[in-house]
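Per the numbering used here, the sequence shown starts with residue 28, numbered consecutively.
Virtual Cβ for every residue (Gly too), placed ideally from N, Cα, C.
Treat the numbers as computed from the prediction; the structure is a model and nothing was measured.
Heads up, the thing below is written out as C-alpha coordinates.
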Amino acid sequence: MDQPQVATCDCLKFKLDAKEHRMGIQRLENNFKDFASAGKKLRQQRNKA
28 MDQPQVATCD CLKFKLDAKE HRMGIQRLEN NFKDFASAGK KLRQQRNKA
(Lines of atoms letter the chains of each structure in order from A and count residues from 1; the text may use other names and numbers.)
(Lines give C-alpha, C1' and ligand atoms only; values in the text may rest on other atoms or scores of the structure.)
Protein backbone atom coordinates (compact mmCIF):
# COMPACT_ATOMS: atom_id res chain seq x y z
CA MET A 1 0.00 0.00 0.00
CA ASP A 2 2.79 2.45 0.89
CA GLN A 3 4.80 1.73 -2.24
CA PRO A 4 2.57 3.54 -4.83
CA GLN A 5 2.44 6.73 -2.71
CA VAL A 6 6.23 6.78 -2.46
CA ALA A 7 6.47 6.23 -6.22
CA THR A 8 4.19 9.18 -7.06
CA CYS A 9 6.11 11.44 -4.68
CA ASP A 10 9.38 10.35 -6.29
CA CYS A 11 7.87 10.99 -9.72
CA LEU A 12 6.89 14.57 -8.82
CA LYS A 13 10.25 15.09 -7.16
CA PHE A 14 11.96 13.72 -10.27
CA LYS A 15 10.12 16.21 -12.51
CA LEU A 16 11.24 19.06 -10.24
CA ASP A 17 14.77 17.64 -10.14
CA ALA A 18 14.84 17.46 -13.94
CA LYS A 19 13.86 21.14 -14.18
CA GLU A 20 16.47 22.10 -11.57
CA HIS A 21 18.98 19.91 -13.38
CA ARG A 22 18.45 21.72 -16.70
CA MET A 23 18.83 25.08 -14.96
CA GLY A 24 21.93 23.80 -13.20
CA ILE A 25 23.43 22.64 -16.50
CA GLN A 26 22.83 26.09 -18.03
CA ARG A 27 24.50 27.69 -15.03
CA LEU A 28 27.46 25.31 -15.33
CA GLU A 29 27.78 26.06 -19.06
CA ASN A 30 27.79 29.79 -18.36
CA ASN A 31 30.37 29.32 -15.61
CA PHE A 32 32.48 27.22 -17.95
CA LYS A 33 32.36 29.92 -20.65
CA ASP A 34 33.46 32.52 -18.10
CA PHE A 35 36.18 30.16 -16.89
CA ALA A 36 37.39 29.50 -20.44
CA SER A 37 37.54 33.20 -21.32
CA ALA A 38 39.37 33.91 -18.06
CA GLY A 39 41.84 31.14 -18.99
CA LYS A 40 42.41 32.76 -22.40
CA LYS A 41 43.09 36.13 -20.78
CA LEU A 42 45.57 34.53 -18.36
CA ARG A 43 47.38 32.80 -21.23
CA GLN A 44 47.57 36.05 -23.21
CA GLN A 45 48.99 37.88 -20.19
CA ARG A 46 51.53 35.10 -19.64
CA ASN A 47 52.58 35.25 -23.31
CA LYS A 48 53.13 39.02 -23.05
CA ALA A 49 55.22 38.72 -19.87
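In whole angstroms, what separates the C-alpha of residue i from that of residue j?
i: serine 64; j: alanine 45; result: 29 Å
i: leucine 39; j: isoleucine 52; result: 20 Å
i: arginine 54; j: alanine 76; result: 33 Å
i: asparagine 47; j: aspartate 37; result: Per the sequence presented here, residue 47 reads as glutamate, with asparagine not at that position. The alpha-carbon atoms of glutamate 47 and aspartate 37 are separated by roughly 15 Å.
i: arginine 49; j: lysine 42; result: 11 Å
i: asparagine 25; j: arginine 73; result: With the chain covering 28 to 76 only, the question about residue 25 has no answer from this structure.
What is the DSSP secondary structure of residue i, reduced to helix, strand or coil?
i: alanine 76; result: coil
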